[in-house]
Amino acid sequence: MSSREVGQGFNTRAIHAGQEPDPATGAVIPPLHLTTTYKQDGVGGLRGGYEYSRSANPTRDTLQTALAALEQGSRGLAFASGLAAEDTLLRTVCRPGDRVVLGGDAYGGTYRLISRVLEPWGITHQPVDLNDLGAVRTAVAPASTRVVWCETPSNPLLNVSDIAALAEVAHASGTLLVVDNTFASPYLQRPLTLGADVVVHSTTKYLGGHSDVVGGALVVADDELGERLAYHQNAMGAVAGPFDSWLVLRSLKTLGVRMDRHSANAGRIAEWLLEHPAVGAVLYPGLPEHRNHDVAAAQMSGFGGMLSLRLRGGEEAALRLCEKTTLFTLAESLGGVESLIEHPHRMTHASAAGSPLEVPADLVRLSVGIEDVEDLLADLEQALA
Ligand SMILES: Cc1ncc(COP(=O)(O)O)c(C=O)c1O
3 MSSREVGQGF NTRAIHAGQE PDPATGAVIP PLHLTTTYKQ DGVGGLRGGY EYSRSANPTR
63 DTLQTALAAL EQGSRGLAFA SGLAAEDTLL RTVCRPGDRV VLGGDAYGGT YRLISRVLEP
123 WGITHQPVDL NDLGAVRTAV APASTRVVWC ETPSNPLLNV SDIAALAEVA HASGTLLVVD
183 NTFASPYLQR PLTLGADVVV HSTTKYLGGH SDVVGGALVV ADDELGERLA YHQNAMGAVA
243 GPFDSWLVLR SLKTLGVRMD RHSANAGRIA EWLLEHPAVG AVLYPGLPEH RNHDVAAAQM
303 SGFGGMLSLR LRGGEEAALR LCEKTTLFTL AESLGGVESL IEHPHRMTHA SAAGSPLEVP
363 ADLVRLSVGI EDVEDLLADL EQALA
């Protein structure tokens with residue numbers, strides 16, 4: 003695992019951190035190490051510490067080094083999916099009897115993992131409005147609280163939480179603050195620098211960026227926590243494969259330019275939607291009307307490509323919009339270069355139905371891609387007509 007001295011600029015780190023030309027051949031792009039095992043020079047004589055690819059693989063190591071550099075952490079760990087990363091994290095830091103306090107609008111899959119999979123193993127949870135710091139303080143007070151789980155901006159309500167303020171509340175009661183940074187990406191927001199203990203990613207989204215790889219990541223600042231997570235990454239085994247790691251590494255190089263374009267397109271569309279008579283509300287942190295616009299402006303360097311809208315015509319109008327767009331493809335997931343549209347209540351967040359995290363049925367989520375914005379606006383115009 004190599005990490006040459008790189009510049010401080012984000013884009014420079016994205017292109018170079020951990021990614022020296024291959025010493026054997028000079029290949030400028032890190033090789034894809036499709037191997038499960040490694041020749042030993044005598045029993046225990048490992049070359050570069052590699053023995054088996056669940057424990058370590060050079061391509062995955064390169065990605066992990068780059069992720070740590072981008073999030074300004076000390077250690078990055080790459081997993082088979084975002085949920086695999088979350089599961090490994092929660093089963094590393096929680097024990098039966100422990101509690102997780104999570105935002106009342108966390109991603110449905112995160113809520114399902116905590117409430118359905120981990121609860122039978124004795125982990126309890128409490129949803130809370132993360133904007134209400136008094137409520138968070140009360141929720142974390144019991145000594146059994148191990149984790150505050152914050153997703154900001156959140157999926158799909160685009161709520162924004164004050165990471166530094168939450169870190170203070172969590173740490174005052176000895177609790178870890180976990181931030182799911184999937185929507186912002188490290189280009190727009192670096193939670194570890196604001197006091198968070200762990201950053202979670204679905205690298206399936208902006209980090210992968212091309213809708214062709216499912217993956218997840220954890221990044222931490224604390225070495226000891228990094229060691230414990232690395233132990234569990236190997237012991238539990240939900241690692242990112244070498245090709246998936248290589249794809250994410252390839253995509254990291256353009257993360258900055260993609261996020262700039264995603265943000266510009268989404269900002270333009272958010273303003274346009276605000277004026278549309280069929281639209282009751284636009285949820286986008288870049289709008290001055292957003293209830294946490296000031297916090298978003300302070301802790302993010304741009305507002306990203308995700309936005310949601312609520313239709314005056316209710317669920318029927320929301321479903322119709324999802325079916326009528328042509329450039330915005332009706333599909334789950336987000337963060338790719340192509341624009342997607344979906345109905346969270348029935349699709350990505352169906353697992354939250356009937357829970358406190360249920361998503362309104364009149365809400366449509368857009369993952370705004372990097373196409374020409376005039377074409378995207380024309381598509382929305384015809385679909386809303
Ligand atoms: C905010 C957020 N976190 C975590 C996940 C889970 O990631 P994955 O689908 O890669 O398991 C998702 C997936 O949509 C997500 O949107």
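Per our numbering, residue 3 is the first one in the sequence shown, and the count goes up by one each step. Even glycine gets a Cβ: it sits at the ideal position worked out from N, Cα and C. No experiment lies behind these values; they were computed from the predicted model shown.
- Taking 3 residues as the minimum length, the beta strand (DSSP E) runs contained wholly in the stretch 74 to 147 are 77 to 81, 101 to 105, 126 to 130, in order along the chain.
- Distances from the CB of T184 to the heavy atoms of ligand 1 include at least one below 6 Å.
- Each residue's CA atom was taken as its position, placing G44 and A242 some 28 Å apart.
- When C-beta atoms of the stretch 226 to 246 are compared with those of the stretch 105 to 123, fewer than three pairs fall below 8 Å, so the two segments do not count as touching.
- In terms of CA proximity to A385, L329 leads the group L329, L196, S83, S213.
- Here F245 is exposed. Its C-beta has fewer than 16 other C-beta atoms within 10 Å.
- Of the other Cβ atoms in all chains shown, 16 or more fall within 10 Å of the Cβ of G110; this residue is therefore buried.
- Distances between the C-beta of G84 and the heavy atoms of ligand 1 include at least one below 6 Å.
- Between the stretch 272 to 283 and the stretch 94 to 103 there are fewer than three C-beta pairs closer than 8 Å, too few to call the two in contact.
- Collapsing the DSSP output to three states places Y208 in coil.
- With a cut-off of 6 Å, the C-beta of T147 is classified as distant from ligand 1, since no heavy atom of the ligand falls inside that distance.
- Counting along the chain, the unbroken alpha helix (DSSP H) around I165 starts and ends at 165 to 174.
- E291 has its alpha-carbon roughly 43 Å from the corresponding atom of H234.
- The nearest non-hydrogen atom of ligand 1 is 6 Å or more from the C-beta of Y208.
- Under the three-state reduction of DSSP output, V180 falls in the strand class.
- Under DSSP, S369 takes part in a beta bridge, and its partners are M308, L342.
- For G111, the shortest separation between its Cβ and any heavy atom of ligand 1 lies below 6 Å.
- Residue pairing from DSSP places T39 in a beta bridge opposite Y54.
- Exposure of K41 is indicated by the presence of fewer than 16 other C-beta atoms within 10 angstroms of its C-beta.
- Membership of V281 in the beta strand (DSSP E) is indicated by the continuous run 281 to 285.
- Under the three-state reduction of DSSP output, R252 falls in the helix class.
- For A19, the number of other beta carbons within 10 angstroms of its own is at least 16, and it is reported as buried.
- Remark: the shortest separation between the CB of G218 and any heavy atom of ligand 1 falls under 6 Å.
- The beta carbons of V361 and H351 sit closer together than 7 Å.
- Taking C-beta separations shorter than 7 Å and ignoring five residues to either side along the sequence, the partners of L249 in its chain run G210, D214, V215, following chain order.
- When rounded, the separation of the alpha-carbon atoms in Q66 and S247 is 9 Å.
- Here the stretch 315 to 324 makes no contact with the stretch 199 to 207; the two share fewer than three CB pairs at distances below 8 Å.
- Taken through DSSP and simplified to helix, strand or coil, G28 comes out as coil.
- Taking a contact to require three or more Cβ pairs closer than 8 Å, the stretch 102 to 109 and the stretch 251 to 271 do not qualify as touching.
- Residue environment for Q301: buried (at least 16 other C-beta atoms within 10 angstroms of its C-beta).
- Short note on N294: C-beta not closer than 6 Å to any heavy atom of ligand 1.
- E22 has no beta-bridge partner at all, per DSSP.
- Annotated as distal: A186 and V150, with beta-carbon spacing of 7 Å or more.
- One thing to note: L254 has its Cβ no nearer than 7 Å to the Cβ of A26.
- Residue range 316 to 326 is occupied by the alpha helix (DSSP H) that includes G316.
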